[in-house]
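S.K.:
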Amino acid sequence: MADLHKLTIAEASSEIAEGKLSSVSLVECFLRRIDQLEPSLKAWVTIDKAAVTETAAQLDRELNTKGPRSPLHGIPVGIKDIYYTAGMKTTACSKVYADFVPTYDATSVARLKEAGAIVLGKTVTTEFAAGDPPPTVNPWNSAHTPGGSSSGSAVAVAVRMCPGAMGSQTGGSIIRPSSYNGIVGLKPTFGRISCYGVIPVAWSLDTIGPLVNCIEDAAIMLQALAGYDPKDPGSSEEPVPDYRRALDQIDTPPRIGLIKDFFFVRSDPEVQKHTEEAAQLLAKGGAQVEEVSLPPSFATAADVQWTINNVECAAYHEESFRSRADDYSNRLRERIEVGLLTPATHYIQAQRLRRVYRREMDALARQWDVLLTPTTPTPAPRDLSTTGDPVFQSPWTSCGLPTVTVPSGLSPSTGLPLGIQLAASSFAEARLLAVARWCDRTLNVHLTPPQVS
Amino acid sequence: MSELTLPQSKEELVQELTSKAVSLWGQERARALQEIISEHADHLLALSKTLPFFEEVPTLTWQNHP
Chain A
18 MADLHKLTIA
28 EASSEIAEGK
38 LSSVSLVECF
48 LRRIDQLEPS
58 LKAWVTIDKA
68 AVTETAAQLD
78 RELNTKGPRS
88 PLHGIPVGIK
98 DIYYTAGMKT
108 TACSKVYADF
118 VPTYDATSVA
128 RLKEAGAIVL
138 GKTVTTEFAA
148 GDPPPTVNPW
158 NSAHTPGGSS
168 SGSAVAVAVR
178 MCPGAMGSQT
188 GGSIIRPSSY
198 NGIVGLKPTF
208 GRISCYGVIP
218 VAWSLDTIGP
228 LVNCIEDAAI
238 MLQALAGYDP
248 KDPGSSEEPV
258 PDYRRALDQI
268 DTPPRIGLIK
278 DFFFVRSDPE
288 VQKHTEEAAQ
298 LLAKGGAQVE
308 EVSLPPSFAT
318 AADVQWTINN
328 VECAAYHEES
338 FRSRADDYSN
348 RLRERIEVGL
358 LTPATHYIQA
368 QRLRRVYRRE
378 MDALARQWDV
388 LLTPTTPTPA
398 PRDLSTTGDP
408 VFQSPWTSCG
418 LPTVTVPSGL
428 SPSTGLPLGI
438 QLAASSFAEA
448 RLLAVARWCD
458 RTLNVHLTPP
468 QVS
Chain B
574 MSELTLPQSK
584 EELVQELTSK
594 AVSLWGQERA
604 RALQEIISEH
614 ADHLLALSKT
624 LPFFEEVPTL
634 TWQNHP
């Protein structure tokens with residue numbers, strides 16, 4: 018079978034379940050892709066080829082006797098290198114964790130394995146998933162940042178070195194690199210997926226989710242990942258619906274609240290025009306699109322996010338920072354230091370303001386099927402000292418609402434991908450994904466970097 | 574117990590944060606942090622000026638405080 022690497026998870030899953038494709042063939046295809054592309058793109062930290070092939074063979078044998086465990090049976094996935102993986106190094110791309118080998122899997126990794134997915138390897142993260150730039154290269158144009166912190170996951174999925182990968186977002190680290198690389202990224206509601214066993218940036222902000230090539234694949238991965246975990250105090254007991262089935266249960270075009278406040282003001286003219294045109298196309302397709310305003314608490318959302326992020330990050334790193342400050346890169350070091358300087362009252366006030374903010378944003382989101390904004394203010398910047406600006410993604414991480422980015426076209430000035438960001442009310446991922454797929458089909462945009470064609 | 578008072582100006586807050594940085598990491602490091610301390614002070618002051626209704630409790634972990 019030619020071009021196995023171009024299969025989505027849903028397509029590969031069908032082929033495997035029908036016995037037309039073996040998991041061994043699939044992983045061997047992706048391992049060859051990695052051999053070919055990794056030297057120039059630097060998306061991976063650790064790959065154990067022998068273990069991957071052996072696991073695939075075991076899953077093929079199991080399929081023959083017991084059938085598939087789930088749609089992820091035999092599907093290889095990348096895992097950001099802040100997720101604990103039993104027996105496999107988890108470095109957070111840092112000097113501090115350079116030799117750390119966890120003895121257990123993060124709950125999310127365990128759930129993916131239970132669903133039959135194969136850990137293909139660990140993908141590059143910025144150091145401790147913070148703001149220092151990664152070695153990973155943007156496959157669309159190497160002079161531009163690939164985004165971060167889930168840099169390796171985004172690039173690996175975009176060039177089809179794997180069909181899906183896990184990322185994490187404390188500011189904009191799933192959605193922004195997904196958009197910069199022309200793929201789909203899903204940041205679920207805070208608490209929807211357990212963060213147990215994922216090295217934290219900031220406990221009350223961290224959210225993990227998949228980076229994939231289509232909305233259906235996001236639904237498949239979320240299905241395996243979502244659900245209560247007593248090991249994570251932030252984990253929700255909210256019931257888990259059938260996300261894939263819900264994709265087809267949208268019987269009328271959606272009601273979309275377009276947010277121009279802030280998001281258009283902060284976008285460059287090209288992104289403004291692009292988002293306006295995307296909204297018009299969706300309206301032409303039948304969606305009810307109306308402009309909506311942000312609530313008053315949005316005014317301090319960035320201050321709240323900044324304060325909580327830095328203080329919680331400082332709290333996590335405090336002990337190792339005392340003896341190993343020089344082992345931290347400059348941006349992260351500065352953020353830890355200002356976190357350590359912050360009076361406790363300011364942190365608590367930020368958390369109080371955040372509660373108001375979340376309530377107001379959730380109330381706004383409940384009035385619409387989804388809210389729509391540009392995903393990023395610009396395409397991926399031509400600046401390798403940054404991972405780009407999280408200013409459009411952070412507000413959603415802070416209020417905990419689920420978001421997805423859908424590729425919506427190429428920037429005329431740079432030829433780089435652009436996306437639209439959709440947000441929904443808390444725990445409305447089923448609706449969010451259904452509307453995202455409707456939007457994706459209506460926009461009918463397919464972006465592939467040069468390495469894929 | 575002394576009464577808690579929030580800094581009245583950005584300069585006072587920057588000074589307070591810088592003094593603490595000097596005591597923790599010395600003059601040289603505190604000087605290197607001036608730019609981010611200034612940015613940090615802007616964020617903290619914005620919070621101080623927008624305190625929520627007094628009955629609002631902090632959200633530390635969402636699911637325990639729905």
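So the sequences go chain by chain: A and B.
Counting in the numbering used here, the first sequence runs from 18 upward without gaps.
Counting in the numbering used here, the second sequence runs from 574 upward without gaps.
Quick reminder that beta carbons are idealized off the backbone N, C-alpha and C, glycines included.
Count the other CB atoms within 10 Å of the CB of T25(A); is the residue buried (16 or more) or exposed (fewer)?
M.R.: By the neighbour-count rule (16 or more Cβ atoms within 10 Å), T25(A) is buried.
S.K.: For S611(B), verify whether its CB is less than 7 Å away from any heavy atom of the ligand COA.
M.R.: Although the ligand COA was asked about, the structure shown includes no ligands whatsoever.
S.K.: Let me see if you follow: with CB-CB separation under 8 Å, is V595(B) close to chain A or not?
M.R.: Chain A, which has no Cβ nearer than 8 Å to the Cβ of V595(B), makes this no.
S.K.: Decide if Q322(A) is buried, meaning its Cβ has at least 16 other Cβ atoms within 10 Å, or exposed.
M.R.: Answer is buried; the Cβ neighbour count reaches 16.
S.K.: Check this for me: beta carbons of P151(A) and V136(A), under 8 Å apart or not?
M.R.: Not closer than 8 Å, so no.
S.K.: Just verifying my parser: in three-state terms, what is the DSSP assignment at K583(B)?
M.R.: Three-state DSSP puts K583(B) in a helix.
S.K.: Under a Cβ-count criterion, where at least 16 other Cβ atoms within 10 Å of its own Cβ denotes burial, should L435(A) be classed as buried or exposed?
M.R.: So L435(A) counts as buried.
S.K.: With DSSP as the reference, please indicate the residues paired to M183(A) in a beta bridge.
M.R.: Partner(s): I96(A), P227(A).
S.K.: Taking 7 Å as the limit between beta carbons, can you name the residues of its chain near S190(A), skipping five residues before and five after?
M.R.: Hits under 7 Å: A146, G165, S166, S167, G184.
S.K.: Thinking C-alpha only, which one of E336(A), F207(A), V229(A), A236(A) is nearest P419(A)?
M.R.: Residue F207(A) is the option with its Cα nearest to P419(A).
S.K.: Would DSSP call A219(A) helix, strand or coil?
M.R.: Here A219(A) sits in coil by DSSP.
S.K.: Assuming S195(A) and T422(A) form a contact by the criterion Cβ under 8 Å, report the distance between their Cβ atoms to the nearest whole angstrom.
M.R.: Confirmed, Cβ separation roughly 5 Å.
S.K.: Since L439(A) contacts L388(A) with CB under 8 Å, what's their CB separation in whole angstroms?
M.R.: The Cβ separation is near 7 Å, so the contact holds.
S.K.: List, in order along the chain, the chain A residues whose C-beta lies closer than 7 Å to that of E629(B)?
M.R.: Those within 7 Å of E629(B) in chain A are R369, R372, V373.
S.K.: For a quick check, are the C-beta atoms of L597(B) and H363(A) less than 8 Å apart?
M.R.: Not a contact, by the Cβ cut-off of 8 Å.
S.K.: Could you pull the start and end residues of the beta strand (DSSP E) that V136(A) belongs to?
M.R.: Where V136(A) is concerned, the enclosing beta strand (DSSP E) stretches over 135-140.
S.K.: Is it buried or exposed for K83(A), if we count other Cβ within 10 angstroms and need 16 for buried?
M.R.: Exposed: under 16 other Cβ atoms inside 10 Å.
S.K.: Please determine, among D457(A), V452(A), S415(A), the residue with the shortest C-alpha to C-alpha distance to A219(A).
M.R.: Here the closest residue by C-alpha is S415(A).
S.K.: If I follow the unbroken beta strand (DSSP E) through T390(A), where does it start and stop?
M.R.: From DSSP, the beta strand (DSSP E) with T390(A) extends over 387-391.
S.K.: What in chain B is Cβ-close to W323(A), meaning under 7 Å?
M.R.: Ordered by position in chain B, the residues that pass the 7 Å Cβ test against W323(A) are H616.
S.K.: Using the Cα positions of D320(A) and E55(A), report the straight-line distance between them to the nearest angstrom.
M.R.: D320(A) and E55(A): Cα-Cα distance of roughly 38 Å.
S.K.: What separation, rounded to the nearest whole angstrom, lies between the Cα atoms of T359(A) and A109(A)?
M.R.: About 25 Å.
S.K.: Can you have a look at G405(A) and say buried or exposed, based on whether 16 or more other CB atoms are within 10 angstroms of its CB?
M.R.: Flag for G405(A) reads buried.
S.K.: Would you mind telling me which residues of chain B sit closer than 8 Å to H363(A), beta carbon to beta carbon, in chain order?
M.R.: The contacting residues are L617, L620, S621.
S.K.: Thinking C-beta only, is L264(A) closer than 8 Å to L460(A)?
M.R.: No; because the gap between Cβ atoms is not below 8 Å, this pair is not in contact.
S.K.: Please state if the CB of E329(A) and the CB of I609(B) are separated by a distance shorter than 8 Å.
M.R.: Not closer than 8 Å, so no.
S.K.: Just how far apart, CA to CA, sit R341(A) and L275(A)?
M.R.: C-alpha separation (whole angstroms): 46 Å.
S.K.: Can you give the beta carbon distance from I237(A) to A34(A), rounded, assuming they're within the 8 Å contact cut?
M.R.: Not quite, the Cβ-Cβ distance comes to about 12 Å (not below 8 Å), so this is no contact.
S.K.: When the Cα atoms are used, what is the spatial distance from E628(B) to V373(A)?
M.R.: Their Cα atoms are separated by approximately 11 Å.
S.K.: Report all residues from its chain with a CB closer than 7 Å to the CB of D400(A); omit the five preceding and five following residues, and keep chain order.
M.R.: Here the set comprises T162.
S.K.: Nearest to G226(A) by CA position, among G417(A), D268(A), D457(A), is which residue?
M.R.: Looking at the Cα atoms, G417(A) is the closest of the given residues.
S.K.: What are the uninterrupted segments assigned as alpha helix (DSSP H) that are 4 or more residues long and contained completely in the segment 427-451 of chain A, given in chain order?
M.R.: Counting only runs of 4 or more, we get nothing.
S.K.: Hey, would you say L48(A) sits closer than 8 Å to V69(A), going by beta carbons?
M.R.: Yes, the Cβ-Cβ distance between L48(A) and V69(A) is below 8 Å.
S.K.: For chain B, find out if any of its Cβ atoms is closer than 8 Å to the Cβ of V113(A); answer yes or no.
M.R.: Answer no: the Cβ-Cβ gap between V113(A) and chain B never drops below 8 Å.
S.K.: For R262(A) and C231(A), I'd like the C-alpha separation in whole angstroms.
M.R.: Answer to the nearest angstrom: the Cα atoms are 15 Å apart.
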